[in-house]
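Heads up: the structure comes next, in structure tokens.
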Amino acid sequence: MAQTDITSSERDGMGPHGTKVGLLRVLGPAHVWALGVGIVLVGEYMGWNFAVGKGGAYAALMACWFAGILYSCVAMIDSEVTSTVAAAGGQYTQAKHIVGPLMAFNVGLYLVFAYTMLEAANAITAGYLVSVVATMTGYGGALDQRPFIILVIMFLAWLNYRGVLATLTFNLVITAIAFTAIIVLFLSTSGIIGDGIMQHAALFEGHEKPYGWIGVVAAMHFGLWFYLGIEGTTQAAEEVRSPARALPFGTLAGIMTLLIAATLTWYICSGVLPWEFLGDGVNGSVAPLFDTARLSGSNALIWFLGIGTLFATLASANGCINDASRAWFALGRDKYLPAWFGAVHPQYRTPYRSIVFLVPIALIFALGAPLDQVITFSILSGLLGYTFMPLNILMFRKKWPMGTIKRGYEHPFHPVPAIVLLCLCAFTFFAVFLGYGTQLVAMIGFYIIVSLWFHFWRYRFVNRGAQFTMPWPKPQGY
Amino acid sequence: METWNYIEYAAWGLSALFGLLMVMDWIKTDSTYSEEVLTSSREGELEAMTEDSHKG
Numbered sequence: 001m002a003q004t005d006i007t008s009s010e011r012d013g014m015g016p017h018g019t020k021v022g023l024l025r026v027l028g029p030a031h032v033w034a035l036g037v038g039i040v041l042v043g044e045y046m047g048w049n050f051a052v053g054k055g056g057a058y059a060a061l062m063a064c065w066f067a068g069i070l071y072s073c074v075a076m077i078d079s080e081v082t083s084t085v086a087a088a089g090g091q092y093t094q095a096k097h098i099v100g101p102l103m104a105f106n107v108g109l110y111l112v113f114a115y116t117m118l119e120a121a122n123a124i125t126a127g128y129l130v131s132v133v134a135t136m137t138g139y140g141g142a143l144d145q146r147p148f149i150i151l152v153i154m155f156l157a158w159l160n161y162r163g164v165l166a167t168l169t170f171n172l173v174i175t176a177i178a179f180t181a182i183i184v185l186f187l188s189t190s191g192i193i194g195d196g197i198m199q200h201a202a203l204f205e206g207h208e209k210p211y212g213w214i215g216v217v218a219a220m221h222f223g224l225w226f227y228l229g230i231e232g233t234t235q236a237a238e239e240v241r242s243p244a245r246a247l248p249f250g251t252l253a254g255i256m257t258l259l260i261a262a263t264l265t266w267y268i269c270s271g272v273l274p275w276e277f278l279g280d281g282v283n284g285s286v287a288p289l290f291d292t293a294r295l296s297g298s299n300a301l302i303w304f305l306g307i308g309t310l311f312a313t314l315a316s317a318n319g320c321i322n323d324a325s326r327a328w329f330a331l332g333r334d335k336y337l338p339a340w341f342g343a344v345h346p347q348y349r350t351p352y353r354s355i356v357f358l359v360p361i362a363l364i365f366a367l368g369a370p371l372d373q374v375i376t377f378s379i380l381s382g383l384l385g386y387t388f389m390p391l392n393i394l395m396f397r398k399k400w401p402m403g404t405i406k407r408g409y410e411h412p413f414h415p416v417p418a419i420v421l422l423c424l425c426a427f428t429f430f431a432v433f434l435g436y437g438t439q440l441v442a443m444i445g446f447y448i449i450v451s452l453w454f455h456f457w458r459y460r461f462v463n464r465g466a467q468f469t470m471p472w473p474k475p476q477g478y
Numbered sequence: 479m480e481t482w483n484y485i486e487y488a489a490w491g492l493s494a495l496f497g498l499l500m501v502m503d504w505i506k507t508d509s510t511y512s513e514e515v516l517t518s519s520r521e522g523e524l525e526a527m528t529e530d531s532h533k534g
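Taken in order, these protein sequences are the chains called A and B.
Take the first sequence: its position 99, counting from 1, is numbered 99 in the working numbering, and each next residue is one higher.
Position in the second sequence counted from 1, then plus 478, gives you the working numbering.
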């Protein structure tokens with residue numbers, strides 16, 4: 001293919017179809033890594049340990065690795081499709097080109113809900129962390145967490161509003177610090193540096209599978225927490241300098257980082273904290289890595305892991321604002337939602353109206369809904385998105401077989417990853433149904449209602465010819 | 479009043495400041511540029527440019 005210098009001042013982000021103000025292509029693979037890992041890493045610091053409560057420490061490890069396989073499939077499939085469909089909106093744009101408008105509308109909503117709910121959950125967590133710091137520094141009163149929850153959302157929204165390069169460079173720095181904290185904790189507590197404090201054999205004895213195999217199945221739900229959000233790298237597609245290279249590179253490096261971080265996290269925490277305490281994320285260990293650092297007796301580790309926990313929370317909320325606003329922007333640009341949302345800031349080159357519009361929605365959930373419900377709705381929306389991905393790649397390979405269009409990355413062993421992902425999604429739906437059946441049914445009911453609204457009312461406003469933008473040949477069979 | 483009470487007030491103040499900065503810039507931008515310019519972004523411009531230069 002001919003090379004075009006998209007970063008030149010002459011054609012920067014603008015093209016022959018009439019774009020006067022477009023998103024800015026300034027990001028590299030490291031920013032893609034920071035976006036994906038940044039959204040997820042908070043799941044290592046807290047949340048995953050509910051899996052221990054469901055089925056014990058071994059069940060949590062099985063859930064960790066099963067979910068690791070699921071997300072490796074997600075990362076490979078996403079890398080192939082998004083390196084070819086390199087536009088804001090990520091999976092929404094993929095669905096639009098490969099499956100059809102109704103699927104695209106639903107996927108767009110899954111993305112916005114998953115990320116906005118996760119942003120709200122992160123803000124709640126940050127408020128809680130500040131209150132813990134206040135208590136640790138000797139504050140006797142009851143700290144009002146609301147101003148800190150609001151500050152997190154407002155500051156990060158403002159950062160996103162001002163430009164994507166600063167936003168994701170900030171994410172890169174704080175995510176790297178949070179990841180380094182996990183490595184340092186592992187080295188310090190496992191006996192590699194200094195004396196180890198691990199007691200795996202003693203802590204596991206008699207508690208191998210406290211609730212049997214059904215506990216292992218139930219733990220799967222929270223195993224997702226180790227990796228939930230890595231698929232968010234695709235939202236940077238329209239802002240990376242080299243989509244075909246940066247997106248697969250950043251995404252695959254991200255899932256490898258998370259597999260290492262997840263396994264180390266399980267090893268560190270399960271070797272120090274008793275499973276009954278570790279598995280109770282409400283009254284027991286809210287932040288297991290931080291609690292492990294406290295048991296190490298090292299003040300330096302306590303501070304480092306405390307900062308790591310806060311940074312991981314901020315990085316996740318920051319990435320979520322970035323991703324939710326790109327998905328909302330893409331829906332607006334195609335008139336799936338009012339075109340007003342498809343505006344780009346002429347100076348900062350960000351989807352500024354989408355960023356501002358989603359702020360009050362995040363605030364409502366952060367201030368008015370319980371944390372576990374917010375997290376559950378985020379997971380469910382994410383899971384619906386993962387179920388779409390295997391169907392998407394199967395159709396993509398069938399309609400445009402290898403060699404018919406240029407791909408930035410070709411994932412191996414097709415269709416095995418798609419089939420594995422589909423089976424694991426079905427398994428996880430069952431696990432979610434065991435714990436949150438009512439929410440699952442309510443969520444699916446909601447998407448059916450909005451689908452009817454889109455089909456019978458909204459789709460008439462869509463410029464049907466203009467929404468398919470990729471210069472691909474006709475799909476096979478059409 | 480303790481230090482943490484002041485920090486609470488500072489958080490309220492900073493939240494309002496960031497909100498105000500965004501809303502003021504939003505209003506200024508919307509009143510400075512036409513809607514046609516602001517919503518002119520089109521998906522697939524990179525691909526279109528690549529095709530364009532390929533033809534050229």
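The beta-carbon is built from N, C-alpha and C at its ideal position, and this holds for glycine as well.
Requested in this report: Look at Pro274 of chain A and Leu203 of chain A and say whether their C-beta atoms are less than 7 Å apart.
Outcome: yes
Query raised in the report: Measuring CA to CA, which of A:Phe377, A:Leu363, A:Val420 and A:Cys423 is closest to Met154 of chain A?
Result: A:Leu363
Report task. List the residues of chain D whose Cβ lies closer than 8 Å to the Cβ of Met136 of chain A, in chain order. Result -> In the structure shown, chain D does not exist; the protein chains are A and B.
Requested in this report: Could I get the ranges of all uninterrupted alpha helix (DSSP H) runs contained in the segment 119-168 of chain A, with 4 residues as the minimum, in chain order?
Outcome: 146-162
**Report entry** Contact set between Trp158 of chain A and chain B, taken where Cβ atoms lie within less than 7 Å
**Finding:** For Trp158 of chain A, the residues of chain B that pass the 7 Å Cβ criterion are Phe496, Leu499 and Met500, in the order they occur in the chain.
**Report entry** Beta carbon proximity, Ser518 of chain B to chain A, threshold 7 Å
**Finding:** yes
Report task. Check whether the Cβ of Ala343 of chain A lies closer than 7 Å to any Cβ atom in chain B. Result -> yes
Requested in this report: Quick one: using the 10 Å Cβ neighbour count with 16 as the cut-off for buried, is Ile444 of chain A buried or exposed?
Outcome: By the 16-neighbour rule on beta-carbons within 10 angstroms, Ile444 of chain A is exposed.
Query - Reduced DSSP secondary structure (H/G/I, E/B, other) of Cys62 of chain A - result: Inspection of the sequence shows that residue 62 of chain A is occupied by Met rather than by Cys. Helix.
Requested in this report: Rank A:Ile361, A:Tyr447 and A:Phe341 by C-alpha distance to the C-alpha of Ser354 of chain A and give the top, closest one.
Outcome: A:Phe341
**Report entry** the segment 283-300 of chain A contacting the segment 102-120 of chain A, beta-carbon criterion three pairs below 8 Å
**Finding:** no
Query raised in the report: Which residues bound the alpha helix (DSSP H) around Gly196 of chain A?
Result: It is not in any alpha helix (DSSP H) - Gly196 of chain A carries neither H nor E in the DSSP assignment.
Report task. For Glu529 of chain B, decide whether its Cβ has a neighbour in chain A, counting only Cβ atoms nearer than 7 Å. Result -> Its pLDDT being 42, under 50, Glu529 of chain B is placed unreliably in this model, and the value from its coordinates should be taken loosely. Output row for Glu529 of chain B: interface = yes.
Report task. Give a yes or no on whether the minimum CB-CB distance between Met154 of chain A and chain B is below 7 Å. Result -> yes
Requested in this report: State the beta-bridge partners of Val240 of chain A as determined by DSSP.
Outcome: The partner list for Val240 of chain A (beta bridge, DSSP) reads A:Leu27.
Query - Neighbourhood of Tyr71 of chain A by C-beta, 7 Å cutoff - its chain only, sequence neighbours within 5 removed - result: These residues qualify, in order along the chain: Tyr227, Ile230 and Ile255.
Query raised in the report: How would you write the range of the alpha helix (DSSP H) that Ser381 of chain A sits in, first residue to last?
Result: Leu371 to Lys399
Report task. Would you please verify whether the beta carbon of Ser493 of chain B is less than 7 Å from any beta carbon of chain A? Result -> yes
Query raised in the report: Taking only beta-carbon atoms, is Asp5 of chain A less than 7 Å away from chain B?
Result: With a pLDDT of 42 at Asp5 of chain A, under the threshold of 50, the modelled position of this residue cannot be trusted; read the value that follows with caution. For Asp5 of chain A, the answer is no, since every Cβ of chain B falls outside 7 Å of its Cβ.
**Report entry** Beta carbon proximity, Tyr484 of chain B to chain A, threshold 7 Å
**Finding:** no
Query raised in the report: Hey, quick one: how far does the alpha helix (DSSP H) through Met46 of chain A stretch, first residue to last?
Result: It is not in any alpha helix (DSSP H) - Met46 of chain A carries neither H nor E in the DSSP assignment.
Requested in this report: Would you mind telling me which residues of chain B sit closer than 7 Å to Lys20 of chain A, beta carbon to beta carbon, in chain order?
Outcome: Val515 and Ser518
Query raised in the report: Looking at chain B, which residues of the segment 356-388 of chain A have a Cβ within less than 9 Å of any of its Cβ atoms?
Result: Val356 and Val359
**Report entry** CB contact flag (Gly53 of chain A, Gly279 of chain A, <7 Å)
**Finding:** yes
Query raised in the report: Which chain B residues sit within Cβ distance under 7 Å of Ala87 of chain A?
Result: Glu521 and Gly522
Query raised in the report: Skipping 5 residues on each side, what residues in its chain have a beta carbon closer than 6 Å to that of Ala2 of chain A?
Result: Any reading at Ala2 of chain A must be qualified, since the residue scores a pLDDT of 42, below 50, and its modelled position is unreliable; no value is offered.
Query raised in the report: How is Met402 of chain A classed by DSSP in three states: helix, strand or coil?
Result: strand
Query raised in the report: Which residues bound the alpha helix (DSSP H) around Pro288 of chain A?
Result: Pro288 to Ser296
**Report entry** Contact set between Ile150 of chain A and chain B, taken where Cβ atoms lie within less than 7 Å
**Finding:** Ser493
Query raised in the report: If you scan the segment 250-316 of chain A from start to end, which runs of the alpha helix (DSSP H) of 4 or more residues do you find wholly inside it?
Result: 275-278 and 288-296
Report task. For Tyr139 of chain A, return the contacting residues in chain B, with the cut-off set at a CB-CB distance below 7 Å. Result -> Glu480 and Trp482
Requested in this report: Just the C-alpha distance for Ser242 of chain A and Ala87 of chain A, rounded to the nearest angstrom, thanks.
Outcome: 12 Å
**Report entry** chain B contact residues for Tyr161 of chain A, given Cβ-Cβ distances below 8 Å
**Finding:** In chain order: Met500 and Asp503.
Query raised in the report: What are the boundary residues of the alpha helix (DSSP H) that Gly445 of chain A is part of?
Result: Val416 to Phe456
Report task. Specify the secondary structure class of Pro483 of chain A as computed by DSSP and reduced to three states. Result -> Nothing can be reported for residue 483 of chain A, as the shown portion of chain A is limited to 1 through 478.
Report task. Count the CB pairs spanning the segment 324-343 of chain A and the segment 298-312 of chain A that are closer than 8 Å, and state whether there are at least three. Result -> No, the segment 324-343 of chain A does not touch the segment 298-312 of chain A.
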